[in-house]
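Down below is the structure, laid out as structure tokens.
Protein chains in written order, with this note's numbering: chain P, 56 to 446; chain D, 8 to 400.
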């Protein structure tokens, strides 16, 4: 079916096209580098960090040392439990620090009641509020329990110090038993790199689209020559498509190696499944390009525009410009992502990374194959028996 | 007018790409719309928590649910759909999952509190959710040890949990609305750059093709007139893009666009539009191969968007990336948008950094115009020399 010299010529033509080389080999690597620069810090930024706050140091704080003691304990530098970096200062200075953004808020005791001042809403402000409330509540518990114990022991010899010690020991005892069963693989920025692989698979369609254009008599001079040559169109098309697939896989392999070993992207440990998904994803890209080449009767540039637009839209829906979009479509319009090859490829990698079972992976593979077969079927149906008396 | 008309004809052919970038912007803005409520008071952050309850009707569990409803965005479920839960955690739709085991209330009252399994995203919100849960469990255990009667200890627990602190806000800003506007305009930088650079440079490239230039050389139309029409068409196109995106922001962002903050967002977008147009002129003059334009546009638009914080908030970018970003005009545009989130008053001192950013954007615009002039003059000289040599050969 495939003749070697046809295949060689097709390969040479592809490798000599600078634009195709750029889109297949260079662009995904450039984009991957941008992803790495932009997302390298994002997950660390979302973890709890030391929060700068201030306590107004006045007479009221001196008479109620519970807040100072608690915030001192939570502000110990290098401690595992350090939550705050606390400044003790005057009210005026605290206001200045807040205005300059040096602290997120300050605490002042007014008639022994804590009052917090913030500039804005936010998670750090909520945590400061939460801790202050907790100190107030613990102090309330201590008072309540001491009173209760005192009333119990009215008739007996009261030992206030012992009661205080007991209550404090009870309050400070670690009570909570929580067991964290979260997965270790929660790095959502990986999704961005998976969409990149999906994009590369689908951009590979540009290769097959151009290959189809070279065979269509109404698209290029080469197509006209091919149409009147005695060579079977089927043989030529297969040779071209095979060459496209090979170049596409080469580009994908380069991207894999770059993202895995230079950018340290985690694809999971199932190398066989990863390869299978890459092969089928590329095949889907190839069939998409072929379908665009055959179905749209327009210039090559417009066809490239259509293909890039479809790919970019697919990648956007699969989370390339923010992973929320993928989840939103998955939960609200699941059918859309089941028809979107970029989303299926992304989801396939996601399931290998995050899940221990393979049902979801195989579902994605099945959908990808189905879409590819439909696209190829439609393309073949439109390509067959095209004859021109005059063009 | 023929130049002007041809410009729009070529633009019409490439309109799907303009529509695509606009759809991306609308999609992004729509996915960010969570609330349109105005808010000037302090509102505590509420983490998204899912509670899987296997102890339905349990006294303690019901009391815990009541408390969690007050402090978190709580969803309840009795049947755990693990795949859905795991997806929701991964995509940060929920921050924390609490699994209440069977007979939890009974065991708790028997002083045999079983462990509670949790799943967490490990971020700020998840840490807050864990603090909220731990506080309840700690206090409940203390009271349970001292007052074994469930009613009595729950009453005491409620009294303690009702102890709150007074909060004052110094800023009169509606941070939610401003954050939404900033996100919209930050993402718009990508659409503005992509739409303008792609279309303008592609059309300029068409007009600079050998055959077209030769025909123009022998036509009656002077270079000056030709360039004037081209400039007019480009400016009109750029202003249309700016106007459409600003109009969309009124629809998608809300009331804040009618405030002085909104005016600065709009002016800032106009400055970026001008800068993007001058970059497009430069690329259109410099790049001879029309097929190369889409590659260059993608690298410039995506690169500047990723490096300057259009997709990822600027405060989350590493220092090294931000240092590089200083050399890119989009950085000053996004910096202005970010600063607007905390701008309270509009006196000259407060506006100085904004004016400075606008000046820098203007500086970039002028710089690219100068580059375009240099490249254009050099090209014209070389082209005429080649034409003369070609004629004599």
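Backbone N, C-alpha and C fix where the C-beta goes; we use that ideal spot for every residue, glycine too.
Cα-Cα separation, residue i to residue j
| i | j | result |
| --- | --- | --- |
| residue 198(P) | residue 175(P) | 33 Å |
| residue 301(D) | residue 74(P) | 10 Å |
| residue 105(P) | residue 311(P) | 37 Å |
| residue 42(D) | residue 255(D) | Residue placement at residue 42(D) cannot be trusted, given a pLDDT of 46 that sits under 50; what the coordinates show is reported in the next sentence. The alpha-carbon atoms of residue 42(D) and residue 255(D) are separated by roughly 17 Å. |
| residue 112(P) | residue 131(D) | 29 Å |
| residue 12(D) | residue 241(P) | 54 Å |
| residue 44(D) | residue 132(P) | Residue confidence for residue 44(D) is low, a pLDDT of 48 falling below 50, so the modelled location carries little weight; the figure read from the coordinates is stated next. Computed Cα separation, rounded: 40 Å. |
| residue 395(P) | residue 369(P) | 6 Å |
| residue 321(D) | residue 336(D) | 14 Å |
| residue 305(D) | residue 321(P) | 26 Å |
| residue 313(P) | residue 122(P) | 53 Å |
| residue 167(P) | residue 354(D) | 38 Å |
| residue 73(D) | residue 185(P) | 18 Å |
| residue 170(D) | residue 326(P) | 56 Å |
| residue 384(P) | residue 371(P) | 11 Å |
| residue 462(P) | residue 255(P) | Only positions 56 to 446 of chain P appear in this structure, which leaves residue 462(P) out of reach. |
| residue 20(D) | residue 214(D) | 15 Å |
| residue 265(D) | residue 253(D) | 11 Å |
| residue 234(P) | residue 137(D) | 11 Å |
Contact set for residue i: own chain, Cβ-Cβ below 6 Å, skip 5 residues either direction
| i | result |
| --- | --- |
| residue 343(D) | 275, 361 and 364 |
| residue 345(P) | 263, 267 and 434 |
| residue 323(P) | 407 and 408 |
Within 8 Å, strictly: CB atoms of residue i and residue j
| i | j | result |
| --- | --- | --- |
| residue 332(P) | residue 428(P) | no |
| residue 2(D) | residue 181(P) | With chain D represented from 8 up to 400, any question about residue 2(D) goes unanswered, as that position is not in the structure. |
| residue 374(P) | residue 367(P) | no |
| residue 90(P) | residue 248(P) | yes |
| residue 249(D) | residue 277(D) | yes |
| residue 111(D) | residue 69(D) | no |
| residue 71(D) | residue 150(D) | no |
| residue 245(D) | residue 203(D) | yes |
| residue 79(D) | residue 196(P) | no |
| residue 108(P) | residue 159(P) | yes |
| residue 210(D) | residue 9(D) | no |
| residue 187(D) | residue 260(D) | yes |
| residue 164(P) | residue 115(P) | yes |
| residue 297(D) | residue 360(P) | no |
| residue 312(D) | residue 229(D) | no |
| residue 271(P) | residue 260(P) | no |
| residue 332(D) | residue 314(D) | yes |
Beta-carbon contacts of residue i that lie in its chain and below 8 Å, excluding the five residues immediately before and after
| i | result |
| --- | --- |
| residue 95(D) | 57 and 101 |
| residue 294(D) | 208, 212, 300 and 303 |
| residue 301(P) | 66 |
| residue 387(D) | none |
| residue 138(P) | 103, 105, 106, 129, 130, 182 and 186 |
Where the beta strand (DSSP E) through residue i begins and ends
| i | result |
| --- | --- |
| residue 80(D) | 80–84 |
| residue 356(P) | Where residue 356(P) is concerned, there is no enclosing beta strand (DSSP E), although the alpha helix (DSSP H) it sits in stretches over 355–372. |
| residue 143(P) | 139–144 |
| residue 106(P) | 106–111 |
Residue i - partner residues in DSSP beta bridges
| i | result |
| --- | --- |
| residue 123(D) | 233(P) |
| residue 169(P) | 164(P) |
| residue 175(D) | 172(P) |
| residue 105(D) | 58(D) and 125(D) |
| residue 92(P) | Its beta-bridge partners do not exist; DSSP assigns none. |
Cβ neighbours of residue i in the same chain (closer than 7 Å, five flanking residues each side left out)
| i | result |
| --- | --- |
| residue 339(D) | 364, 367 and 368 |
| residue 422(P) | 393 and 399 |
| residue 239(D) | 11 |
Delimiting residues of the alpha helix (DSSP H) encompassing residue i
| i | result |
| --- | --- |
| residue 325(D) | Counting along the chain, residue 325(D) falls outside any alpha helix (DSSP H), and DSSP gives it neither H nor E. |
| residue 18(D) | 9–20 |
| residue 88(D) | Segment: none, residue 88(D) is in no alpha helix (DSSP H) and carries neither H nor E. |
| residue 118(D) | Unbroken run through residue 118(D): none, as it is neither H nor E. |
| residue 415(P) | 414–438 |
| residue 3(D) | Because chain D in this structure spans residues 8 to 400, residue 3(D) falls outside the shown range and cannot be described. |
| residue 74(P) | 73–76 |
| residue 405(P) | 396–409 |
| residue 295(P) | 288–312 |
| residue 126(P) | 120–128 |
| residue 232(D) | 230–259 |
| residue 164(D) | 157–168 |
Heavy atom of the ligand GTP within 7 Å of residue i beta-carbon
| i | result |
| --- | --- |
| residue 193(D) | In terms of ligand content, the structure shown is empty, and the ligand GTP therefore cannot be addressed. |
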